[in-house]
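Novice: Chains as they are written, first to last, in this note's numbering: chain H, 1 to 305; chain C, 1001 to 1659. Built from N, CA and C at the ideal position, the CB exists for glycine as well.
1) Start and end of the beta strand (DSSP E) containing residue 1640 of chain C?
2) Between residue 279 of chain H and chain C, is the shortest Cβ-Cβ distance under 8 Å, so that the two count as touching?
3) Comparing the C-beta of residue 78 of chain H with each C-beta of chain C, is any distance below 8 Å?
4) So, helix, strand or coil for residue 1474 of chain C, using DSSP?
5) Could you check if residue 67 of chain H is buried or exposed, using at least 16 other CB atoms within 10 Å of its CB as the buried criterion?
6) Answer with buried or exposed for residue 1525 of chain C, where buried requires no fewer than 16 other C-beta atoms within 10 angstroms of its C-beta.
7) Considering just the uninterrupted stretch of the beta strand (DSSP E) at residue 183 of chain H, what are its terminal residues?
8) Nearest to residue 1274 of chain C by CA position, among C:1403, C:1589, C:1062 and C:1175, is which residue?
9) Taking the continuous alpha helix (DSSP H) assigned at residue 263 of chain H, which residues delimit it?
10) Going by beta carbon distance, what residues of the same chain come within less than 6 Å of residue 126 of chain H, once the five residues before and after it are set aside?
11) Among the candidates C:1282, C:1230 and C:1182, whose CA atom is the shortest distance from the CA of residue 1259 of chain C?
12) At least one CB of chain H closer than 8 Å to the CB of residue 1482 of chain C: is that the case?
13) On a CA-only basis, which of H:43, H:219 and H:244 is nearest residue 119 of chain H? Give me that one, please.
14) Any heavy atom of the ligand GDP closer than 7 Å to the beta-carbon of residue 40 of chain H?
15) Using a cut-off of 7 Å between C-beta atoms, extract the partners of residue 1363 of chain C located in chain H.
16) State the DSSP-derived secondary structure class of residue 135 of chain H, mapped to helix, strand or coil.
17) Would you call the region 1400-1407 of chain C and the region 105-124 of chain H touching, i.e. three or more CB-CB distances under 8 Å?
18) I need the straight-line Cα distance from residue 1472 of chain C to residue 1005 of chain C, nearest angstrom please.
19) Assuming residue 1541 of chain C contacts residue 1222 of chain C under a Cβ cut-off of 8 Å, what Cβ separation, rounded to an integer in Å, is found between them?
20) Can you confirm whether residue 1500 of chain C, when its beta carbon is compared against all beta carbons of chain H, has any partner nearer than 8 Å?
21) Assuming the contact rule is C-beta atoms closer than 8 Å, residue 199 of chain H and residue 131 of chain H should be a hit. Round their C-beta distance to whole Å, please.
22) Taking three-plus beta-carbon pairs below 8 Å as touching, is the region 1599-1612 of chain C in contact with the region 1143-1150 of chain C?
23) DSSP puts residue 223 of chain H in a beta bridge; with which residues?
24) Quick one: measure Cβ to Cβ for residue 1399 of chain C and residue 1421 of chain C, integer angstroms, because I've assumed they're closer than 8 Å.
25) Hey, how far is the Cα of residue 1185 of chain C from the Cα of residue 1165 of chain C?
26) Residues of chain C with CB closer than 7 Å to the CB of residue 55 of chain H, please, in chain order.
27) If the cut is a Cβ gap below 7 Å, which residues of chain H does residue 1649 of chain C touch?
28) On the criterion of 16 or more Cβ atoms from any shown chain inside 10 Å, does residue 1234 of chain C qualify as buried, or is it exposed?
29) With residue 1477 of chain C and residue 212 of chain H assumed to form a contact (beta carbons below 8 Å), what rounded beta-carbon distance in angstroms separates them?
30) Using a Cβ-Cβ cut-off of 8 Å, state whether residue 165 of chain H counts as contacting chain C.
31) Would you mind reading off the limits of the beta strand (DSSP E) that contains residue 1053 of chain C?
32) Starting from residue 42 of chain H, find everything on chain B with Cβ-Cβ shorter than 7 Å and list it in chain order.
33) Let me check understanding here. Comparing Cα to Cα, which of C:1507, C:1450, C:1547 and C:1295 lies closest to residue 1517 of chain C?
34) Chain C partners of residue 119 of chain H, CB-CB under 7 Å?
35) Return the CA-CA distance between residue 37 of chain H and residue 181 of chain H, expressed in angstroms with no decimal places.
36) For a cutoff of 8 Å on Cβ pairs, would you count residue 1355 of chain C as touching chain H?
Okay, here's the thing in structure tokens:
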């Protein structure tokens, strides 16, 4: 039989351990970066974990040495630790700590470079659905050039399919971010940047801006509904039938500096999104040009100069 | 004339400077100013203020003025931080309206970096460097005073914005096109650009000054590899300043042109290119974070060796690593905007260069630990800050490496994870280092020690408060909270962590209160330092009496060792510093001059005039600037001789003269 005083503090530790366990397994889905629902977010999370482990090793080594040093070598009467006031260097130790971090960083660096290139383009053989994103002051305009519908502050995407977002701004800079799906990218005036994401699970996710753009910036949240491809098509058809068209007058209203709610439009005027003249890298190996015709979007490889 | 008066009131006091809290501060400032003027008049101290402080070119007094400014600015920036945390404690709370919140986070960042950390660092440079290298002053004493007054008037210009005209509200980075007239018609951003340009000129001059001082003014025998680490750190920091500040000045000036003269460098319309600003800004901004931390690497190297009573471990590699950091820091700026579509090649390059910089930094950490290894560690307040720095900075550095992993940064960019990271390194590295240096060199600057017990209370409040504030912010980042939100909706799980973070901020605030109490109490009742060497120090400044006489060294020492003073004490040669009367000669010292103060004031007038586009005022200020420079350029009467007899008397009264 153990004495009771062993048990008591142990019992107090139980909820603490439980809390720690919950944290590490990600209590709830609110740690959204730790629960990505698409391949982009997942790859990003893997690298975060790898870096965290490698850095954890560094922290462990440093902390062990550090705590040993500050406990052992305190200036206390009767301290028997060796006192070596003139010990000012050791070749092998110093070589060791140039090498140790270098090795650990190499372990992180190689997959970093690989994934950086891999995530730069939509996986081959998968035709993405294209959505043109314009950040306005302080709202998001989403135009579907393939489907000819538009939405404000809400986004509907099909699951299991890459979505290529073309990002620009008719406002100060913002970043377009759907944390559950993957990382963010800036929206900038006079430029179009690509970002591809994919949702593998149906659901409603939060999107927001990560770059401060004025007093209404904190209200730039939007909802992302990921639905099955069939439901997506149905949504497009319904929107084209029931929603009202976005005229130039409506667009001018959107340009005003204010916050608005959500809206859907059955069509949108031409030239509200810049034509992509200079193209951007989608494959990592060359420039692609986005060609728009009446009903579809195709990618033309551009010759490298 | 009434229309003119209305115009003035509308321009100078728009609604954004008429919030109740600001009006209250207005009243407080007026009362304070009247009180100060009354005090100076009643005690007949105007002449003293002018002769001893406003016109001084003595590096030791300039250090004191830098230190006072830095602590006042730490107060201002800290109040801003408390306001931000109060606002974020609850979801959907409107303690401040959005515009005021935006102004407060902008001034918090700008003040903490440009008007708190920088002058605090320069306070340490000025207080210590000439003493450490055995010099009588810096290379260009008058330029040194000009640097201070440019900084001071830049800081004043920036700080009056919240009571006159309205604060800037575009963040400390001031990204266009939000800073353009289309989105920001008020004078706030003009204040920001002009104040930073004026203070930045001062900083650049400080960089030049200390680069020349550390290269040219060292005592005979002090070769490069015998310089104390803090001198190395100063030299490297100065070199960084020299090449980092020009891109900032250019970026600020171009933004200012967009606002004042209708150019389109970075505007939304007419093909402006905001990303160009972002590049220029971070081309400065990344070296800047090393400007903010390398001096403190120097402080820590001195503090850890002194209080471990042991030579610094691995000195040659410490030098190599600091130089490696200097060069690498110019090659990492794109990591501040991986998500701006520069392409995978560029991103991969800058991700790797950022990871690379972690290696020399890690080497320094190991060397500090092994300096303690085999030593006898004295737990003074200065040493406690150093000991808090190591684990804090290691964790901050580790989260920095995570941010350098490009794909991870796509998720973490501009989230609270990033906020936690940079406060982790800037508070853990810079602020802890500054306070460590302050406690360490305070006896040398003021002639008395800061009370250790009060200092320890302040330390623990800062240290514990820091972790309670910023650990939840890492988690908030993982929950997807982005920076600079003035409010957030409930239901995202952000609330509890924000409450904890706010409590931490209060604890840090309490730490600041204790710190100020500590300083005031110690100035009144602190233990006088009669030895000049209260910590059993290792470097030359401890061979001098505290506080140091105007001329620093009655006879310039000859250096043989890296830790010269320690070596002399080991050999029992400290009396060798006691002088024979015939060793003392006339000393040439720089002469006080009002020009630096007037130059700063003129630049203030220029800045104020340009902020409101009142060109006649700006032109008058500019004429003042030209007059100051012309007068100074032809003023050859810039030094005076201190008679050898005066020096002998001073030294004799300190008991340092033989015979």
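Specialist: On the basis of the coordinates in this document:
1) Working through the second chain from its first residue, we reach residue 1640 of chain C at position 640. Annotation: the continuous beta strand (DSSP E) that includes residue 1640 of chain C extends over 1639-1642.
2) Taking the first residue of the first chain as position 1, residue 279 of chain H is located at position 279. Confidence is the limiting factor: at residue 279 of chain H the pLDDT is only 48, short of 50, which leaves the residue's position unreliable and the question unanswerable from this model.
3) By one-based count along the first chain, residue 78 of chain H stands at place 78. Not one chain C Cβ lies under 8 Å of residue 78 of chain H.
4) For the purposes of this step, residue 1474 of chain C is identified with residue 474 of the second chain, where counting begins at 1. DSSP, reduced to helix, strand and coil, places residue 1474 of chain C within a helical segment of the structure shown.
5) In the first chain, the residue the question calls residue 67 of chain H occupies position 67. Burial call: exposed.
6) For this step, residue 1525 of chain C is matched to residue 525 along the second chain. Here residue 1525 of chain C is exposed. Its C-beta has fewer than 16 other C-beta atoms within 10 Å.
7) The residue you call residue 183 of chain H lines up with position 183 of the first chain. Here the beta strand (DSSP E) through residue 183 of chain H covers 182-187.
8) In the second chain, residue 1274 of chain C corresponds to position 274, counting from 1. Distances from the CA of residue 1274 of chain C to each of C:1403, C:1589, C:1062 and C:1175 were compared; the closest alpha carbon is that of C:1175.
9) Start at 1 with the first residue of the first chain, and residue 263 of chain H comes out as number 263. Note, residue 263 of chain H: premise wrong, no alpha helix (DSSP H); beta strand (DSSP E) at 263-265.
10) Working through the first chain from its first residue, we reach residue 126 of chain H at position 126. So the list reads 162, once near-sequence residues are dropped.
11) Here residue 1259 of chain C is taken as the residue at index 259 of the second chain, counted from 1. The residue among C:1282, C:1230 and C:1182 with its C-alpha nearest the C-alpha of residue 1259 of chain C is C:1182.
12) By 1-based counting over the second chain, the position of residue 1482 of chain C is 482. Judged by the 8 Å Cβ criterion, residue 1482 of chain C is in contact with chain H.
13) In the first chain, counting from the first residue as 1, residue 119 of chain H sits at position 119. Looking at H:43, H:219 and H:244, the one whose alpha-carbon comes closest to that of residue 119 of chain H is H:43.
14) The ligand GDP is not part of this structure, which contains no ligands at all.
15) Position 363 of the second chain, counted from the start, is the residue given in the question as residue 1363 of chain C. Chain H residues near residue 1363 of chain C: 97 and 98.
16) Locating residue 135 of chain H in the first chain gives position 135, counting from the first residue. In the structure shown, residue 135 of chain H adopts extended strand secondary structure according to DSSP, grouped into three states.
17) Enough Cβ pairs lie closer than 8 Å, so yes.
18) The count along the second chain starts at 1 and reaches residue 1472 of chain C at position 472. The count along the second chain starts at 1 and reaches residue 1005 of chain C at position 5. When rounded, the separation of the alpha-carbon atoms in residue 1472 of chain C and residue 1005 of chain C is 50 Å.
19) Locating residue 1541 of chain C in the second chain gives position 541, where the first residue counts as 1. Locating residue 1222 of chain C in the second chain gives position 222, where the first residue counts as 1. Distance from residue 1541 of chain C to residue 1222 of chain C at the Cβ level is roughly 13 Å; contact not present, criterion being Cβ atoms closer than 8 Å.
20) Sequence index remark: in the second chain, residue 1500 of chain C carries index 500 (1-based). Judged by the 8 Å Cβ criterion, residue 1500 of chain C is not in contact with chain H.
21) For the purposes of this step, residue 199 of chain H is taken as residue 199 along the first chain, with counting starting at 1. For the purposes of this step, residue 131 of chain H is taken as residue 131 along the first chain, with counting starting at 1. So it is not a contact: roughly 13 Å between Cβ atoms.
22) Touching, per the Cβ criterion.
23) Mapped onto the first chain, residue 223 of chain H falls at position 223. For residue 223 of chain H, which the question treats as bridged, DSSP gives the partners H:154 and H:206.
24) The count along the second chain starts at 1 and reaches residue 1399 of chain C at position 399. The count along the second chain starts at 1 and reaches residue 1421 of chain C at position 421. Here residue 1399 of chain C really is in contact with residue 1421 of chain C; their C-beta atoms are around 4 Å apart, less than 8 Å.
25) Taking the second chain and counting its residues from 1, one reaches residue 1185 of chain C at position 185. Taking the second chain and counting its residues from 1, one reaches residue 1165 of chain C at position 165. Residue 1185 of chain C and residue 1165 of chain C: Cα-Cα distance of roughly 11 Å.
26) Locating residue 55 of chain H in the first chain gives position 55, where the first residue counts as 1. What residue 55 of chain H touches in chain C, judged by beta-carbon distance under 7 Å, is 1398, 1401 and 1402, going in chain order.
27) The residue labelled residue 1649 of chain C in the question sits at position 649 within the second chain. By Cβ distance, chain H contributes nothing, its closest Cβ being about 38 Å from residue 1649 of chain C, past 7 Å.
28) Working through the second chain from its first residue, we reach residue 1234 of chain C at position 234. Around the beta carbon of residue 1234 of chain C, 16 or more other beta carbons sit within 10 angstroms, so the residue counts as buried.
29) Here residue 1477 of chain C corresponds to residue number 477 of the second chain, with the count starting at 1. Here residue 212 of chain H corresponds to residue number 212 of the first chain, with the count starting at 1. Going by Cβ atoms, the distance from residue 1477 of chain C to residue 212 of chain H rounds to 16 Å, so no, they are not a contact pair.
30) Taking the first chain and counting its residues from 1, one reaches residue 165 of chain H at position 165. So, not an interface residue.
31) In the second chain, residue 1053 of chain C corresponds to position 53, counting from 1. Counting along the chain, residue 1053 of chain C sits inside no beta strand (DSSP E), nor does DSSP assign it H or E at all.
32) Here the protein chains are H and C, and chain B is not one of them.
33) Working through the second chain from its first residue, we reach residue 1517 of chain C at position 517. Minimum Cα distance to residue 1517 of chain C is reached at C:1450.
34) By one-based count along the first chain, residue 119 of chain H stands at place 119. Against chain C, a Cβ distance below 7 Å from residue 119 of chain H picks out 1407.
35) Here residue 37 of chain H refers to the residue found at position 37 of the first chain. Here residue 181 of chain H refers to the residue found at position 181 of the first chain. Taking the straight line joining both Cα atoms gives about 6 Å.
36) Translated into the one-based positions of the second chain, residue 1355 of chain C becomes position 355. At a cut-off of 8 Å, the C-beta of residue 1355 of chain C has a neighbouring C-beta in chain H.
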